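Scroll down for the structure; my scribbles are underneath it.
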Amino acid sequence: MPFRKPPPPPSPHPQYRPPHPPQAQIPRPQTPADLPEKYRPAYRRVRTVVVMLPIAIVTSYVLYQRVVLGEERKVLVRKNGEGKE
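Residue numbers (the working numbering): 57 to 141.
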């Protein structure tokens, strides 16, 4: 069995650790005009996806219901009680 060296005794003075430097504040743009020029095309693409995706999903679902499931088209009712046809 090899001889093991005992661990060193604890130091009477704890090691000095400098405080953590403050985190750099990341500037957060408040409006799209505050964005750097290189991010504006990406902003437009993301905005377009966020706006159009729910519309595309709902429209596709309604079309699926009408074409595949055979549901009737909904008719808008006017104030005088007649449907538009």
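Even glycine gets a Cβ: it sits at the ideal position worked out from N, Cα and C.
Nothing here was measured: the structure is a model prediction, and the numbers come from that model.
DSSP three-state assignment for residue i, whether helix, strand or coil
i	result
V133	strand
Q121	helix
E128	coil
L109	helix
K94	helix
P58	coil
R103	helix
A80	coil
P75	coil
T87	coil
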